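Structure, as structure tokens:
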Amino acid sequence: MVAIQKNNETQKFWDLLSEVPDPEIPVINLVELGVVRNIELDGQTIIVTVTPTYTGCPAKKLFNDLITEKLNVNGYNNVEIITQLHPVWNTDWLSEETKAKMYKDGISPPTDDNLVITCPHCHSTNTEMVSQFGSTPCQSLYKCLDCLEPFNYFKCHR
Amino acid sequence: MRITIDNDAAKFVVRLADTEMILGQRLCEMCSNGPFLEEDIALSNVALDLIGRAEQLYKIVSEIENKGLSADDYAYRRNEREYFCLKLVEQPNTDFAWTITRSYLHDVYANEVFKQLLKSDIPNLAGLSEKVLIEIRYNLTHARDWMLRLGIGTEESNSRVQGAVDQMFRYVPEIFHWDVVDNKYLSDTAAIEKSWKSEVSALLKEANIKEPELMDVVMRDYREGFHSEFLGHILTEMQFLPRAYPDAKW
Chain Z
1 MVAIQKNNET
11 QKFWDLLSEV
21 PDPEIPVINL
31 VELGVVRNIE
41 LDGQTIIVTV
51 TPTYTGCPAK
61 KLFNDLITEK
71 LNVNGYNNVE
81 IITQLHPVWN
91 TDWLSEETKA
101 KMYKDGISPP
111 TDDNLVITCP
121 HCHSTNTEMV
131 SQFGSTPCQS
141 LYKCLDCLEP
151 FNYFKCHR
Chain P
1001 MRITIDNDAA
1011 KFVVRLADTE
1021 MILGQRLCEM
1031 CSNGPFLEED
1041 IALSNVALDL
1051 IGRAEQLYKI
1061 VSEIENKGLS
1071 ADDYAYRRNE
1081 REYFCLKLVE
1091 QPNTDFAWTI
1101 TRSYLHDVYA
1111 NEVFKQLLKS
1121 DIPNLAGLSE
1131 KVLIEIRYNL
1141 THARDWMLRL
1151 GIGTEESNSR
1161 VQGAVDQMFR
1171 YVPEIFHWDV
1181 VDNKYLSDTA
1191 AIEKSWKSEV
1201 SALLKEANIK
1211 EPELMDVVMR
1221 DYREGFHSEF
1231 LGHILTEMQF
1241 LPRAYPDAKW
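Below you can see the structure in the form of structure tokens.
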């Protein structure tokens, strides 16, 4: 986990952005997903640095719109968003708490190098990949060989 | 309007950008046309990666050239002769084996190129390379799995993928026909060719596919804006909307 610089001045913005759900995985928010990297104040302008998950993620523009909208409706009208590709977004930025939320919601969270994939329904590790690619760029499709249910797996990305 | 690219670094990056863009467009054609649902989604996911990558590369071109043109201008307002993609990626989705072989040969190439660009001094290119290599490796796994499955599958699948390899290999020689611009921004072009050939030879052997001889370069070079018959048609479809409605916004 790369340490994020927060201070008293910007804490309220972090709190606000922690209320913005990921559009595809609403159980986690954009701060938890690790795409909000930095928040700075330059006079009256709030500068938010965003690192997209995948270069072609269709939610990229939506992230920026949702962040701007959240700050705007809370009375902060001067928002500037900077897209930063490096350091590269990776799944090590997801905390254990965030992964637990995903798991509870039926998405198997990333494990190191995709070695052991646990079924979020029956907790079996006797699972197999159905497709490397799933409903969003960050997920792939698996099925459990014990309970036979299909599920999404959040790919290890690093 | 004719868009020229003057700076050597931009000439180099636009070749990568155009190659990723056109392969992305070709794979977009497979959306809703895949052989089964999961594969349809897989090819569309790969297309997204390619187009996202192209967008970032066009942004780098746009910054280097500094002519007030956006990434979209480079993608949507250049004509066939102003495009610099590999002929390989223009080849059509005639058969699923063509689609897979085209991606496989490209992915091995892209993997080697971006590995060298991890140390590029073109602004933002090294960081972007680190990002896209993760995606390329993932996509390469997908293409390689299919090459094996088709190659050692049935007599029919083997003959189809053999046909695809024979066809696509005609567009490989120009890839390694490096020019001064390539050699200026890639640290070791000979190593790219060597790694490409050794990876592809090993896979073809494992997949029971005969490796065709690489011919001498007989076609005029993509680096000069020469293409196969297909690029004009691809651009006609891809650029229709921004050309018909130049001020259209999402």
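Protein chains in written order, with this note's numbering: chain Z, 1 to 158; chain P, 1001 to 1250. Glycine included, C-beta positions come from ideal geometry on N, C-alpha and C. Computed from a prediction, not measured in an experiment: that's the story for all the values here.
Restricting attention to Z:Arg158, Z:Phe154, Z:Tyr142 and Z:Ser135, the CA atom closest to the CA of Z:Pro58 is found in Z:Ser135. Z:Tyr153 is the residue among Z:Thr83, Z:Tyr153 and Z:Asn8 whose C-alpha sits nearest the C-alpha of Z:Ile107. At least 8 Å separates the beta-carbon of P:Leu1204 from that of P:Arg1144. P:Asn1111 has a beta carbon lying at 8 Å or more from every beta carbon in chain Z.
By the neighbour-count definition (other C-beta atoms within 10 Å, threshold 16), P:Trp1146 is a buried residue. DSSP, read as helix, strand or coil, puts Z:Arg37 in strand. For P:Gln1025, the enclosing alpha helix (DSSP H) stretches over residues Asp1008 to Cys1028.
Sequence-ordered contacts of the stretch 124-143 of chain Z with chain P read Val130, Ser131, Gln132, Phe133, Gly134, Ser135, Thr136, Pro137 and Leu141 [C-beta pairs closer than 9 Å]. In the three-state reduction of the DSSP assignment, Z:Met129 falls in the strand class.
Interface annotation, P:Val1132: in contact with chain Z, CB-CB separation under 8 Å. Counting C-beta pairs with one atom in each stretch, the stretch 94-109 of chain Z and the stretch 20-39 of chain Z have three or more that are closer than 8 Å, which means they touch. Around the C-beta of Z:Ile82, fewer than 16 other C-beta atoms lie within 10 Å, and the residue is accordingly described as exposed.
With respect to P:Glu1065, P:Ile1234 sits apart: the two C-beta atoms are not nearer than 8 Å. Z:Val88 has a beta carbon lying within less than 8 Å of a beta carbon in chain P.
By alpha-carbon distance to P:Tyr1185, the top candidate from P:Glu1229, P:Ile1022, P:Ser1201 and P:Val1113 is P:Val1113. Taking 8 Å as the cut-off, the Cβ atoms of P:Met1030 and P:Arg1102 do not count as close. CA-CA distance, P:Val1132 to P:Lys1115, rounds to 10 Å. When DSSP states are grouped into helix, strand and coil, P:Leu1214 belongs to the coil group. Classified as exposed, P:Trp1250 has fewer than 16 neighbouring CB atoms from the shown chains inside 10 Å of its CB.
Counting only Cβ-Cβ distances below 9 Å, Z:Thr53 has no contacts in chain P at all, with the closest Cβ about 10 Å away. Contact of P:Gln1056 with chain Z is assigned, a C-beta pair being separated by under 8 Å. In the same chain as P:Phe1176, and ignoring 5 residues on each side of it, the C-beta atoms closer than 6 Å to its own belong to Glu1193, in chain order.
When the Cα atoms are used, P:Ala1017 and P:Ala1054 turn out to be separated by approximately 5 Å. The beta carbon of Z:Asn74 is closer than 8 Å to those of Leu16 in its chain, skipping five residues each way along the sequence. For P:Asn1045, at least one C-beta of chain Z is nearer than 8 Å to its own C-beta.
Distance from the CA atom of Z:Ser124 to the CA atom of Z:Val20, rounded to whole angstroms, is 32 Å.
Listed in chain order, the beta strand (DSSP E) elements of length 3 or more contained wholly in the stretch 1028-1075 of chain P amount to none. For Z:Thr111 and Z:Thr118, the gap between their C-alpha atoms comes out near 9 Å. Shown in chain order are the members of the stretch 66-86 of chain Z whose Cβ falls below 8 Å from a Cβ of chain P: Leu85 and His86.
Taken in chain order, the unbroken stretches of alpha helix (DSSP H) that lie wholly in the stretch 1170-1207 of chain P and span 4 residues or more are 1180-1185 and 1189-1206.
At a cut-off of 8 Å between beta carbons, P:Glu1135 contacts chain Z.
Close to chain Z, meaning a Cβ-Cβ distance shorter than 8 Å, is no residue of the stretch 1151-1175 of chain P at all.
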